[in-house]
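K.L.:
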Amino acid sequence: MKNSIGEFAVTKDRGITIDFKALFMELLDKSLIIILCGLFCGLLTYLACSTIIPLNYESTTKIYVMPQETEGQSAYVNLEVGSLLTTDYIELVQGRDVIEPVISHYNLDITYESFLNKITVNNPTDTRIIEISVKDTDPYLARNLAIYLRDIATTAIETQMGIEGVTVWEEANLPLEPNITPAIYAVIFACLTIFISALIVIIRYLVIDKIVSADDVENRLNLVVLGTISYEGKKHQKKGGGVHGSKKN
Numbered sequence: 110m111k112n113s114i115g116e117f118a119v120t121k122d123r124g125i126t127i128d129f130k131a132l133f134m135e136l137l138d139k140s141l142i143i144i145l146c147g148l149f150c151g152l153l154t155y156l157a158c159s160t161i162i163p164l165n166y167e168s169t170t171k172i173y174v175m176p177q178e179t180e181g182q183s184a185y186v187n188l189e190v191g192s193l194l195t196t197d198y199i200e201l202v203q204g205r206d207v208i209e210p211v212i213s214h215y216n217l218d219i220t221y222e223s224f225l226n227k228i229t230v231n232n233p234t235d236t237r238i239i240e241i242s243v244k245d246t247d248p249y250l251a252r253n254l255a256i257y258l259r260d261i262a263t264t265a266i267e268t269q270m271g272i273e274g275v276t277v278w279e280e281a282n283l284p285l286e287p288n289i290t291p292a293i294y295a296v297i298f299a300c301l302t303i304f305i306s307a308l309i310v311i312i313r314y315l316v317i318d319k320i321v322s323a324d325d326v327e328n329r330l331n332l333v334v335l336g337t338i339s340y341e342g343k344k345h346q347k348k349g350g351g352v353h354g355s356k357k358n
């Protein structure tokens with residue numbers, strides 16, 4: 110609902126009111142700290158990605174698969190059949206018969222499942238082109254793996270599926286930059302830190318709803334503070350005032 114001074118608030122069943130204007134002012138008051146936290150986290154992430162965390166380089170090669178023409182079928186039908194078979198080609202490239210020879214050839218100390226996480230096999234829409242991408246922390250190894258994987262996959266397609274028209278559409282490139290740069294990681298973590306910091310401020314404002322200063326009185330109660338009186342939270346204990354007289358004999 111909207112109160113008399115133009116501030117928007119939401120009243121819950123328990124009678125708790127959230128003053129969005131005051132909440133916005135609280136965020137604005139803490140904005141410098143929130144931004145500094147985000148910049149600091151982004152800087153740490155950039156330094157960590159640049160020096161400690163290994164970055165992945167991705168090399169991509171492409172093959173073009175053209176099935177043999179079948180007698181009695183039109184060229185259009187052959188093209189349609191070739192497009193439908195691209196899913197089979199992708200599954201074949203990701204099979205053990207193709208992946209495990211690559212692992213063995215380069216003496217990689219990883220499993221078949223781990224190597225699958227390093228590669229991506231795609232088929233661009235409405236094409237018979239198969240994209241094979243390999244990621245590795247070494248850009249040269251990434252390119253070599255992509256080339257060898259492509260060659261093994263080409264042989265498997267030709268022998269197991271009876272396809273002779275497999276040609277290299279695009280050679281594997283040597284990646285000069287990582288697929289995700291440290292700057293991208295830094296921006297992501299900086300934005301995430303800013304979001305979390307702002308969320309903490311909001312939760313703290315909603316949970317810790319106390320009036321502790323003159324500004325809180327003016328902002329939350331809309332009252333003008335004419336003066337303040339200091340208050341001591343702890344009372345000093347009085348010293349014992351009894352007089353002990355000496356006993357006369």
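Going by this note's numbering, the first residue of the sequence shown is number 110, and it counts up by one from there. For every residue, glycine included, the Cβ atom is placed at its ideal position computed from N, Cα and C.
1) Express the C-alpha separation of residue 260 and residue 272 in angstroms, rounding to a whole number.
2) With the cut-off set at 7 Å, would you say residue 166 and residue 291 are in Cβ contact?
3) Let me check understanding here. Comparing Cα to Cα, which of 263, 267, 171 and 221 lies closest to residue 233?
4) Helix, strand or coil: which one does DSSP assign to residue 244?
5) Give me the residue from 256, 214 and 151 with the minimum Cα distance to residue 169.
6) Considering only their Cβ atoms, is the gap separating residue 174 from residue 198 smaller than 7 Å?
7) When the Cβ atoms of the segment 212-232 are set against those of the segment 268-282, are three or more pairs found closer than 8 Å?
8) Residue 254: which of 268, 230 and 281 sits nearest, CA to CA?
9) To the nearest angstrom, how far is it from the Cα of residue 137 to the Cα of residue 131?
10) Skipping 5 residues on each side, what residues in its chain have a beta carbon closer than 8 Å to that of residue 146?
11) Quick check on the DSSP output: what are the complete beta strand (DSSP E) runs of length 3 or more inside the segment 241-282, in order along the chain?
12) Check whether chain B comes within 7 Å of residue 230, counting only Cβ atoms and requiring the distance to be less than that.
13) Could you spell out where the beta strand (DSSP E) holding residue 173 opens and where it closes?
14) Within this structure, are the beta carbons of residue 90 and residue 258 separated by less than 7 Å?
15) May I ask you to list the residues that DSSP assigns as paired with residue 228?
16) Tell me whether residue 361 sits in a helix, a strand or coil according to DSSP, three-state version.
17) Out of 316, 285 and 309, which one is the CA nearest neighbour of residue 139?
18) Per DSSP, what kind of secondary structure is residue 235 in: helix, strand or coil?
19) Output needed for residue 194: all residues of its chain with C-beta closer than 6 Å, excluding positions within five of it in sequence on either side, in chain order.
20) Compare the Cα-Cα distances from residue 236 to each of 293, 196, 135 and 316 and report the closest residue.
P.N.:
Judging by the given coordinates:
1) Each residue's Cα considered, the two are about 14 Å apart.
2) Not a contact, by the Cβ cut-off of 7 Å.
3) Nearest Cα to residue 233 within the set 263, 267, 171 and 221: 171.
4) In the structure shown, residue 244 sits in a strand (DSSP, three-state: E or B).
5) Closest option to residue 169, judged by alpha-carbon separation, among 256, 214 and 151: 256.
6) For residue 198 and residue 174, yes; Cβs fall inside 7 Å.
7) Below 8 Å, too few C-beta pairs join the segment 212-232 and the segment 268-282 to call them touching: fewer than three.
8) Out of 268, 230 and 281, 281 has the C-alpha closest to the C-alpha of residue 254.
9) The straight-line gap from Cα to Cα measures roughly 10 Å.
10) The residues 302, 303 and 306, in chain order, have a CB closer than 8 Å to that of residue 146 in the same chain once the five nearest residues on each side in sequence are set aside.
11) 274-279, all fully within the segment 241-282.
12) Within the model displayed, chain B is absent; a lone protein chain is all it includes.
13) Here the beta strand (DSSP E) through residue 173 covers 166-175.
14) Because the chain is modelled from 110 through 358, residue 90 falls outside the range shown and cannot be assessed.
15) According to DSSP, which records beta bridges pairwise, residue 228 is partnered with 243.
16) Outside the modelled stretch of the chain, which goes from 110 to 358, sits residue 361, for which no answer is possible.
17) Each of 316, 285 and 309 was checked against the Cα of residue 139, and the nearest Cα belongs to 309.
18) The answer is coil: DSSP assigns residue 235 none of H, G, I, E or B.
19) Setting aside the 5 residues that flank it on each side, residue 194 has no residue in the same chain whose C-beta is closer than 6 Å to its C-beta.
20) Measuring from the Cα of residue 236, the nearest candidate turns out to be 196.
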